[in-house]
Amino acid sequence: MRELFDAIAHTARLREVERHNNATADRRESVAEHSWHLALVCWLLHGEFERETGRSLDLARMMKMCLMHDLVEIDTRDPSAWSPGDREEKARREEAVALRRFGALPGPLADEFLDLWHEYERGATAEARLVRGVDRLNPALMRLLTGQGWHDVPADAEALDRLQLPRVAVSGTLTALYRRIREEAQERGLFASEE
1 MRELFDAIAH
11 TARLREVERH
21 NNATADRRES
31 VAEHSWHLAL
41 VCWLLHGEFE
51 RETGRSLDLA
61 RMMKMCLMHD
71 LVEIDTRDPS
81 AWSPGDREEK
91 ARREEAVALR
101 RFGALPGPLA
111 DEFLDLWHEY
121 ERGATAEARL
131 VRGVDRLNPA
141 LMRLLTGQGW
151 HDVPADAEAL
161 DRLQLPRVAV
171 SGTLTALYRR
181 IREEAQERGL
191 FASEE
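Numbering-wise (this note's numbering), the sequence shown opens with residue 1 and increments by one.
Here it is, written out as structure tokens:
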């Protein structure tokens, strides 16, 4: 029971980790809010994803990935997709945290968490690739909804395409949602080049 209590107490700290996009016009989003919203969006889009792929997709597995994929950021923090960091070093740090934190879980939970985290990180399944696509779409959506835009990055529409399209292109639905976000952001002058 001690290992479960420790895990529950540790994961509660995901609320403390801030992202680089806003949750409202005047405050940053927490990683916990982000993870919850990913799970809800995957649930809402699950039927569309199944229609597109022509096969049954494991929604429970997708929801678990949404809820746990950023738990390592309690220790590593949330790096901006826009900052020019060393991606290999970030991956090494996150892997070390995943092994330490998830490996400390009791019984089969350790393997389940590690397996799901690796599946997500590698985009090893259709479910993982779709969750990764929603994960990439979400901050763009929040930057649009809160009016934050991309002035702080700074990024124009083409830079956003380069960041978004490789991941959202796994789904016609995600691509269509991204296009709507991009068009509305452009209409509202939210890109850095449109000041």
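Yeah, the Cβ is synthetic: ideal placement off N, Cα and C, and Gly gets one too.
Asked: Helix, strand or coil: which one does DSSP assign to R77?; Found: coil
Asked: What do you get for L40, buried or exposed, if any count of 16 or more other CB atoms within 10 angstroms of its CB means buried?; Found: exposed
Asked: Would you mind stating whether L190 and R143 have Cβ atoms separated by less than 8 angstroms?; Found: yes
Asked: Which residue or residues does DSSP assign as beta-bridge partners of E18?; Found: S30
Asked: Enumerate in chain order the residues of its own chain whose CB-to-CB distance from A104 is below 8 angstroms, with the five nearest sequence positions on each side excluded.; Found: E3, D6, A7, A110
Asked: Here's a check: name, in chain order, each residue in its chain whose Cβ is nearer than 7 angstroms to the Cβ of D58, leaving out the five neighbours to either side.; Found: E127
Asked: Please work out which residues of its chain come closer than 7 angstroms, Cβ to Cβ, to C66, disregarding the five sequence neighbours upstream and downstream, and give them in chain order.; Found: S35, L38, A39, C42, V131
Asked: Using DSSP bridges, identify the partner residues of T24.; Found: R27
Asked: For the alpha helix (DSSP H) holding L190, just list the boundary residues, first then last.; Found: Careful: L190 lies outside any alpha helix (DSSP H) and carries neither H nor E.
Asked: Note the first and the last residue of the continuous alpha helix (DSSP H) segment covering T125.; Found: No alpha helix (DSSP H) holds T125; DSSP gives it neither H nor E.
Asked: Between V28 and R19, is the Cβ-Cβ spacing less than 8 angstroms?; Found: This sequence places Arg at residue 28; Val is not what is there. In this structure, R19 lies closer than 8 angstroms to R28 by Cβ.
Asked: Classify S171: buried if its beta carbon has 16 or more other beta carbons within 10 angstroms, exposed otherwise.; Found: buried
Asked: Please report the distance separating the alpha-carbon of A185 from that of G133.; Found: 19 angstroms
Asked: Is DSSP giving V168 helix, strand or coil here?; Found: helix
Asked: When you compare each of P106, D161, M68 to H118 by their alpha carbons, which one comes out closest?; Found: M68
Asked: Taking A60 as the reference, which of N138, D75, E73, L44 has the closest Cα?; Found: L44
Asked: By how many angstroms is the C-alpha of Q164 removed from the C-alpha of R180?; Found: 13 angstroms
Asked: Mark R136 as exposed unless 16 or more other C-beta atoms lie within 10 angstroms of its C-beta, in which case mark it buried.; Found: buried
Asked: Quick one: using the 10 Å Cβ neighbour count with 16 as the cut-off for buried, is K64 buried or exposed?; Found: buried
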